[in-house]
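Residue numbers (the working numbering): 1 to 172.
Rendered as structure tokens:
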């Protein structure tokens, strides 16, 4: 069986977004202030905590849409609570999970054009878009959300970042 664009995208996005939902539960279980975390930033010129979730969601859903030629659902960036951030992650997961893996066939050669508001942009093949832009951008925002939680005293660690793998098992 060959490794396909689907394998490097949809399950990866779903796993990380699922983990992110659980980080929010952990922060609340530890009694952390939701309002303080929602306002948290790593640096004054960086986007706040909710924006990291929104950008993770946007990157994942638009990557899948661009790679498969389907329409991504609109999600206004209005989340103001952990419950709303979790719901956004779930809507993104549901969208990605609802795209037939066969829709990714040929995605490695599909042309992907990104246009920015200032008139600049990039042109990629699907494979180069996924590996050179979408995945790095996605994990930048996922990692920033994780770092914000850590920096604000939430007891997340590498097992939380990789919790989609489950518990390691002994090999003989």
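Glycine is no exception: its CB is placed at the ideal position from the N, C-alpha and C atoms. It should be emphasised that the depicted structure is a prediction, and the values quoted were computed from it without experimental measurement.
What residues are listed by DSSP as bridge partners for residue i?
i	result
residue 113	123
Let me check understanding here. Comparing Cα to Cα, which of the options lies closest to residue i?
i	options	result
residue 175	156, 153, 145 and 152	No statement about residue 175 is possible, as the shown extent of the chain runs from 1 to 172 and does not include it.
residue 7	130, 77 and 143	130
residue 58	123, 44, 155 and 140	140
residue 9	63, 82 and 74	63
residue 153	12, 26 and 16	26
residue 102	50, 70, 29 and 61	70
residue 136	31, 41, 29 and 56	56
residue 14	110, 36 and 165	165
residue 65	108, 99 and 172	99
residue 31	17, 67 and 82	82
Skipping 5 residues on each side, what residues in its chain have a beta carbon closer than 8 angstroms to that of residue i?
i	result
residue 121	113, 114 and 115
residue 133	114, 122 and 124
Within 10 Å of its beta-carbon, does residue i have 16 or more other beta-carbons around it, so buried, or fewer, so exposed?
i	result
residue 80	exposed
residue 46	exposed
residue 54	buried
residue 158	exposed
residue 3	exposed
residue 167	exposed
residue 106	exposed
residue 92	buried
For the ligand NAP, any of its heavy atoms closer than 6 angstroms to the Cβ of residue i?
i	result
residue 41	Among the ligands in the structure shown, none appear at all, so the ligand NAP cannot be discussed.
By Cβ distance, which residues of its chain are closer than 6 angstroms to residue i, with the 5 residues on each side in sequence left out?
i	result
residue 52	141, 144 and 145
residue 73	95
Could you name the residues of the same chain whose beta carbon sits closer than 7 angstroms to that of residue i, not counting the 5 residues immediately before and after it, in chain order?
i	result
residue 42	144, 147, 148 and 151
residue 75	57, 88 and 91
residue 67	5, 9, 104, 107, 110, 126 and 130
Which runs of the alpha helix (DSSP H) at least 4 residues long sit entirely within the stretch 41 to 113? Give them in chain order. 49 to 68 and 82 to 97
To test your reading of the DSSP string, which unbroken beta strand (DSSP E) runs of 3 or more residues are found completely within the stretch 1 to 32? none
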